[in-house]
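Numbering (the numbering used here), first residue to last: 12 to 127.
Every residue, glycine too, gets a C-beta built ideally from N, C-alpha and C.
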Amino acid sequence: MPDYYLDKAIKTGLFDYVFVQFYNNPPCQYNIATSDATLLLQSWNAWTSLVLPNNTVFLGLPASPNAAPSGGYIPPIDLITKIKVYLIKSALQFVTQVSEAIAASVSTALNALLPN
């Protein structure tokens, strides 16, 4: 089960799109130190098996190493040579990339909403 809290909700099929962050989360991210995509691809398989065929999973990846301080950045050449072919075979629909600027903006906005 990819997400303990959302598993049942996603399986209802009521969500057309599921956006998953595949970085800053060691159990499901690319390991840049070893160029190993095993955990990322296993996690991708778990998420895509969870959603119904008429739903879409978006693969969220960081656009730069700075956007993923806890890891998961994939150099473009590795994305093309190691991951793209595999994901196309598994009916990948979309890849989303998060830049450091967007991540900082979201973080600032969320922090403004939280009580001190």
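Which residues in the same chain as residue i place their Cβ atom closer than 6 Å to its Cβ, once the five residues preceding and following it in sequence are excluded?
i           : result
residue 117 : Because the pLDDT at residue 117 is just 49, under 50, the model does not fix this residue reliably, and the point stays unresolved.
residue 15  : none
residue 88  : none
residue 24  : 63
What do you reckon, are the CB atoms on residue i and residue j nearer than 8 Å?
i          : j          : result
residue 10 : residue 96 : Nothing about residue 10 can be reported from this structure: the residues present for the chain run from 12 to 127 only.
residue 22 : residue 50 : no
residue 33 : residue 90 : no
residue 86 : residue 79 : no
residue 57 : residue 93 : no
In chain order, what residues of the same chain have a beta carbon less than 7 Å from the beta carbon of residue i, not counting five sequence neighbours either side?
i          : result
residue 39 : 33, 50, 51, 54
For the candidate residues the options, whose alpha-carbon lies nearest to that of residue i?
i          : options    : result
residue 27 : 48, 66, 47 : 66
I'd like the span of the alpha helix (DSSP H) that includes residue i, first residue to last.
i          : result
residue 49 : 49 to 61
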